[in-house]
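Chains as they are written, first to last, in my numbering: chain A, 1 to 438; chain B, 439 to 876; chain C, 877 to 1314; chain D, 1315 to 1752. No residue lacks a Cβ here, since even glycine has one placed at the ideal position from N, Cα and C. Notes follow once the structure below has been shown.
4 protein chains.
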Amino acid sequence: MEQQGIKIAVFGGGSSYTPELIEGLLARRASIPLRELALVDIEAGRDKVETIAALTRRMLDQNGLQAVKVSVHYAPDEAIRGAQFVLTQLRVGRLAARAADERLGLKYGLIGQETTGVGGFAKALRTIPVLLDIARRVDALAPDAWIINFTNPAAIVTEAVQRHTRAKIIGLCNVPVAMHHMIAGMMEEPEEDVRLRFAGLNHMVWVHEVYVRGENRTQQVLEMLCNGAVMTMNNIQEMPWPAPLLRALGAIPCPYHRYFYLSREMLREEQEAARAQGTRAEQVMKVEEELFALYRDPALNHKPEQLSFRGGAFYSKVALELIDAIYNDRGAELVVNTANRGAIQGLPDDAVIETNCLVNGAGAHPLTFGALPASMHALTTQIKTYERLTIQAAVEGDTDAGLLALVTNPLVGDASVASALLDEVLTLNRDYLPQFNR
Amino acid sequence: MEQQGIKIAVFGGGSSYTPELIEGLLARRASIPLRELALVDIEAGRDKVETIAALTRRMLDQNGLQAVKVSVHYAPDEAIRGAQFVLTQLRVGRLAARAADERLGLKYGLIGQETTGVGGFAKALRTIPVLLDIARRVDALAPDAWIINFTNPAAIVTEAVQRHTRAKIIGLCNVPVAMHHMIAGMMEEPEEDVRLRFAGLNHMVWVHEVYVRGENRTQQVLEMLCNGAVMTMNNIQEMPWPAPLLRALGAIPCPYHRYFYLSREMLREEQEAARAQGTRAEQVMKVEEELFALYRDPALNHKPEQLSFRGGAFYSKVALELIDAIYNDRGAELVVNTANRGAIQGLPDDAVIETNCLVNGAGAHPLTFGALPASMHALTTQIKTYERLTIQAAVEGDTDAGLLALVTNPLVGDASVASALLDEVLTLNRDYLPQFNR
Amino acid sequence: MEQQGIKIAVFGGGSSYTPELIEGLLARRASIPLRELALVDIEAGRDKVETIAALTRRMLDQNGLQAVKVSVHYAPDEAIRGAQFVLTQLRVGRLAARAADERLGLKYGLIGQETTGVGGFAKALRTIPVLLDIARRVDALAPDAWIINFTNPAAIVTEAVQRHTRAKIIGLCNVPVAMHHMIAGMMEEPEEDVRLRFAGLNHMVWVHEVYVRGENRTQQVLEMLCNGAVMTMNNIQEMPWPAPLLRALGAIPCPYHRYFYLSREMLREEQEAARAQGTRAEQVMKVEEELFALYRDPALNHKPEQLSFRGGAFYSKVALELIDAIYNDRGAELVVNTANRGAIQGLPDDAVIETNCLVNGAGAHPLTFGALPASMHALTTQIKTYERLTIQAAVEGDTDAGLLALVTNPLVGDASVASALLDEVLTLNRDYLPQFNR
Amino acid sequence: MEQQGIKIAVFGGGSSYTPELIEGLLARRASIPLRELALVDIEAGRDKVETIAALTRRMLDQNGLQAVKVSVHYAPDEAIRGAQFVLTQLRVGRLAARAADERLGLKYGLIGQETTGVGGFAKALRTIPVLLDIARRVDALAPDAWIINFTNPAAIVTEAVQRHTRAKIIGLCNVPVAMHHMIAGMMEEPEEDVRLRFAGLNHMVWVHEVYVRGENRTQQVLEMLCNGAVMTMNNIQEMPWPAPLLRALGAIPCPYHRYFYLSREMLREEQEAARAQGTRAEQVMKVEEELFALYRDPALNHKPEQLSFRGGAFYSKVALELIDAIYNDRGAELVVNTANRGAIQGLPDDAVIETNCLVNGAGAHPLTFGALPASMHALTTQIKTYERLTIQAAVEGDTDAGLLALVTNPLVGDASVASALLDEVLTLNRDYLPQFNR
């Protein structure tokens, strides 16, 4: 890493989340010396990415970082060349496609959420070809660079890139760090004294053990949750866990597990919310408009408070801890999405999982976990199989794999419904699915 | 096998199916020389078992087998002593319990069928302790004898005995042989020229390959089914398979797969049938009454035609082929339920599976199959995990395992529903579940 | 299999073993109707193959099979076209190369035998390219034909073809059937009542269980061997097994296991025999000359007795049982060499093993075995790894793999010795190893 | 960890190595606050342990640690009670038994070294029962304490304790840290910038990758070694690695690998050294005498230079890094011996391996490694199987397992030799092997 300071390319640079990333970079500038920030977006997003670039410029200047370059790109190559890190946080089809997914789910009486069920499936089909293209450019132009992927469904997208390109990629999510924050808070312990043992898939991860200064306190946390302590994130409905389920599991599910364990109630809430306030995407569209109105204010030179309602808390924290661990060869223990390689028994070696890893300059090295308890193994196998069939469908334009993916997904299951859904997904997203129209 | 001829003990000897077994024994008497038939039942079933014993006597006499002893028992030991084979075809709680299971499913909007969903779960909890007791007596009194289990849910019951006793057991089902019959019929080929490759679980088995005289004809059969050929059994609703599903699977599901692949429609049919004619158990009760009315006729000395409507076609064929293969050390290829031992990749060695085995005097030896295709592996893992959690619940009276079993079963899934169902199952079946009341 | 009768191509048709094969074909002509026998050899072996062809003609005529065609070929294609079975029993470099291998081993104080140690290694390097060429022609010209391979080292050669071509191949050896014969003899039981359970590798296979009419008699056979019963084959030195070893193993090693378990004594015997009578190849050369002298006698129209001293007892028995099982779709239980696919735990799926298989028109289907006992698993892993590294060396001309193969082989082991041996093998066999001279 | 400072119990406290441990504790007193050091030995070693205790006292006093208690024990319980760490560095049968092992090896023309071959086998049989007793007392009296085992053969002893008791144990060796030191030295890089990726077994571990500040430099190190750079430890003969072997392996063997890869030469050296200077144990006896002469000097209050010739360089470094990581919940990356749990593919979960682990207050968590390259997997399987059979022999007094252990060990192999050796080992060590005399 011969050059002075690092260059970070951000695909989906026009995202409303970007100011949080900038704030994080400012906070860590001592250990992550920045040289250039390259924001990449599509032409149709020119207004947004220019707004973000200007705000970024003001935030850097305000902090005395006039020397750091901020560039805007509508094609990948110049952004990638010379980069050490490539962040991917894009949304193919933008929020309109997400809203259509949600409405499609509701039409069939199914959950349409953007990372699980039919919503996640449609988003994966749209996103994977775009990410594969980016990854292949990274491999060609900056083969030592790390792709840090936030794009949902993160497990599927990360695994697709990892299995179908030679680019180096790690997937990230704010769920583990948010759970860490909430569990430490519940226990009234300092976060740095609390160690959590995660193992599962992205948005399907459990905390299997809670340690405080070397002492196992898992049972205490479970009992607090059984007694009504609520631990959730502000974009997932705050439904308490049934105590019998928690006690039988002996582990702490993540908030997204509600889509699987409490699917009847979650569907009902989603249906009611859609009726009352619109689907989640429709709500987010409004929030985004408000945020960009703020961002355009030439006097704004810091991240506005309102961004915290958008749902991506801790986003910059996890991204920058990861960059720091790699760039500075730290050997830090972080929870990321990477290839299994035996960490969780009974999953393929190349299946991307979410678990505690030691991260250094050579990448992320999972700690061995062993076998998941039986019921978790079954659910994980089912979801991972759904994910891999979805990757096969997305990469090869394989409708058979697409049908089996939906049949395997517990939020769909029925083959007649799956068949009808698949037809609608392929029709609605025709513009984004060239792989199915060859 | 020093003694002259063999002794067969039949637990659930008062079953309406028994005459079919007798008919089969008569047909095979050259290769299976019979010495004694010991019918065992509970006191409450005295009338039925005595009726069956008398009919059996008449059928044997009519065929010149006056020397064969027919005995009736209300306790296991005398029946087991000296037996070479112990057939188990009993129903704990009789048809009334089955009807209650079905009604319970319908109350929650779920399939209550006796081998899948909550019906199978409740039946397993009732049945496993009884079968374990029988198996332990067999191990003590006739350790060389083979238990041949027909009692449903057959995979669960067989696996429980195999893992928790030292008795030798093989599980049987008429589905594979019925599929063989139907596929040969569709192809208009003689049954003996058609070889089917089965691998899966009981009531969850696929035909992966069809060979006719050494030639692979799988695609032809799939296309016939896609084009509307109906292949089903008379106790499963005859719903045709969606062609996209068959083509994507590339294998032939068994009739019971409809509960999983076409669950919405199957539930609707079950609800309508229950409304119109009563649940399956309620219908069977009527059939049984009619059958026993016939059986009581002292002039009857053969199996009456009406038994074929009861649903157990081929029952005696599979039982006697198995007895023949073991007793005569034949090395025959049969499809039975036995421990996996690596035959299907990714399942535990001691998981009971249904697949092609070479059967000789030393038992059933599965042919290796390799890995199931991805979507089938996921479904099989899920169902097998459900089955093993159910065994754990049944053997140890473990309500945590019971809850996780229902959460893992795709016909239940939702944890709130599972929790309510579990409570009702334990209450409704209190008399049959001593393991939960210790 | 539309044509009248079958065509068999025999590569290495000029082998002195061929008359045994013909005798077997004559004995089975009712179930294996022969149309043509195509003998293939190299130009340099013209005299031998013509001699064999003439003898074959006389044997067929003597038995009224004038209609069966006998053809001789010095190139593969015409022999392969139209064949249902292709037998490979060739020897690249002929006996002279084998003798050189044996002498090379002795030079380094090592066993040079043709299937184990450095002899087997050199033979594999010479043979694999030739077999791959044949197999690719079979795939191109007769894709439904089965290759039946006898060429040593049979496990290595068979695995190379199976992994590197699409041709269908099964490997055969006379060791299992010879052990069956000897064990039945020791027990004074009819062979057809004795079932043996084999699992291991070719020339490294154990009998794990002996059943007589369904009864486990393994301990009895072990005790007979501990008490001095000798069970061996006439080309392996008849050294009795140490009783402590047999009791600790609890299984019956094959005669070739002596090279591993009793390597000190075997080496001493090999050294002494070489001094006294010449190496095994040198002895065989003399036997071959005598046999061909007999074969040339125009009055000879049957297999001469003297062939039985050559060492290939039961060769035609196993070949013809296999052809019969495939051609007539028999579902017979035979012990052959085929891909593992989970049969023995802890070996790769595509590793060729030797074990009991059900054989029908679709090929050989191993019965699941489970895990080998610990010490056998370790030895099998070591030998199989040696074999796979040898295949890699032979296929890719990879000297690194060749060195690691010899280091892994327990009859070599030492890296300095391995390195020197490898150099000599590559030099001595230069004419047969184009893959190392690219 | 409520009490003020920690208590460390040292079994084999009278070892000549103990002063090195004390020196290390003095260096780390800021992070490892010591309360008590309990030295345990046998009555026969009273003179030595009293000498060590007195020297320890002087070393502590010299450094102002008068408050730290030093106690001497000839029975385990009082030493264990209240301890946080239990170090085991004992030698059952002392150096005399080791010398007898070495002489026994030489008698049969075999390597007799104390961790490999027949020497390691005999030492394991003597040591395991003693360590199991200590571990069971630790479990009973100080269940939260960690046993840190240095006793050789460390992999075998550690695995025996881990599988047969509930005590928490980690095995340590100075080989990995010595290799780290030597490789950094060869590259002229600061040790803290060099990361090595270890995976294998104790005294059978390879360095698979060398990273300097995140950059892969493995090839460079291999080429340096191929070109004659010598990397060894002062108790292993400094024989250079053959370049073809290093290139074929693509990894750096540890010094003890010479016993396996270069066994002919190592045996020759061992035979010559024994003739010239006596066996290694005989040499060490003299060194020990000289060391204890120094230790008895009441003026000595620091570790004498001469100890470094004894062979245990870095011993205290690795012990104290480990204690620090556990006691202070550091999350440090250390190379230790612990249960595999999937880290190296194809080994049992409970097999103790040597590899990079993240160590914190909850113990050692291996990083996943994946599959070893083929030849290393074979050797590791063979050695691990030898180790596990040895454990079985030692724990159960099972001579069958003992024989198979020696047959599986590549430094013995031949069954006749193994059988004779086993008899001699059991006779020579009769006093230490109660498990074989029940």
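query: Distance, ALA339/A Cα to LEU307/A Cα; result: 32 Å
query: Cα-Cα separation, THR818/B to ALA781/B; result: 14 Å
query: Coarse secondary structure for TYR261/A, derived from DSSP in three states; result: helix
query: Opening and closing residue of the beta strand (DSSP E) in which LEU772/B lies; result: 770-777
query: Near-chain C residues of the segment 480-504 of chain B (beta-carbon distance less than 9 Å), N- to C-terminal order; result: none
query: Alpha carbon of ASN1488/D to alpha carbon of GLU1647/D, nearest angstrom; result: 15 Å
query: Contacts that PRO410/A makes with chain B (C-beta to C-beta distance below 8 Å); result: PRO848, GLY851
query: THR1402/D in three-state terms, based on DSSP; result: strand
query: Under the three-state DSSP convention, the category ALA667/B falls into; result: coil
query: Cβ contact (3+ pairs, closer than 8 Å) linking the segment 465-481 of chain B and the segment 440-452 of chain B; result: yes
query: From ARG341/A, ASN356/A, LEU358/A, residue whose alpha carbon lies closest to that of ASP350/A; result: ARG341/A
query: Chain D contacts made by the segment 341-358 of chain A, where a contact means CB separation under 9 Å; result: ARG341, GLY342, ALA343, ILE344, GLN345, ASP349, ASN356, CYS357, LEU358
query: Interface flag, HIS180/A vs chain D, CB-CB below 7 Å; result: no
query: Alpha-carbon spacing of ALA1410/D relative to ARG1417/D, whole angstroms; result: 11 Å
query: SER453/B in three-state terms, based on DSSP; result: coil
query: Contact set between the segment 1693-1704 of chain D and chain C, restricted to residues whose Cβ is under 9 Å from the partner; result: LEU1693, THR1695, GLN1696, ILE1697, LYS1698, THR1699, TYR1700, ARG1702, LEU1703
query: Closer than 7 Å to chain D by CB, TYR1137/C; result: yes
query: Residue environment, GLY200/A, which counts as buried when at least 16 other CB atoms sit within 10 Å; result: buried
query: Span of the alpha helix (DSSP H) around LYS606/B; result: Element bounds for LYS606/B: not the alpha helix (DSSP H) but the beta strand (DSSP E), 606-609.
query: Residues near MET1/A by beta carbon distance below 7 Å, same chain, minus five either side; result: For MET1/A, the predicted model reports a pLDDT of 42, less than 50, meaning its position is unreliable; a value from the coordinates is still stated below. Cβ within range, chain order: GLN84.
query: For THR390/A and ALA124/A, believed in contact at Cβ under 8 Å, the rounded distance; result: 5 Å
query: Classification of ARG1002/C by the beta-carbon crowding that lies within 10 angstroms, buried from 16 upward; result: buried
query: 3-residue-minimum beta strand (DSSP E) runs that sit fully inside the segment 1456-1502 of chain D, ordered along the chain; result: 1460-1463, 1482-1485
query: Given ASN775/B as reference, the closest of ASP631/B, GLU707/B, ALA598/B once Cα atoms are compared; result: ALA598/B
query: Alpha helix (DSSP H) runs wholly inside the segment 908-945 of chain C, at least 4 long, in chain order; result: 922-938
query: PRO895/B at chain A interface by Cβ criterion, 7 Å; result: The structure shown has nothing for residue 895/B, since chain B only spans 439 to 876.
query: Chain A within 7 Å of ARG601/B, Cβ atoms only; result: no
query: Endpoints, beta strand (DSSP E) assigned at LEU1515/D; result: 1508-1515
query: Proximity test, Cβ basis, 7 Å: ALA1195/C and chain D; result: no
query: Alpha helix (DSSP H) segment containing GLY1419/D, residue limits; result: 1408-1421
query: Secondary structure of PRO804/B, DSSP reduced to three states; result: strand
query: Neighbour flag for ARG1144/C against chain D, beta carbons, 7 Å; result: no
query: Counted within 10 angstroms of its Cβ, other Cβ atoms place GLY623/B as buried (16 or more) or exposed; result: exposed
query: 7 Å Cβ cutoff, LEU844/B in contact with chain A; result: no
query: Contact list for the segment 637-655 of chain B against chain C, Cβ threshold 8 Å; result: GLU647, TYR649, ARG651, GLY652, GLU653, ASN654
query: C-beta neighbour in chain B for ALA1201/C, strict 7 Å; result: no
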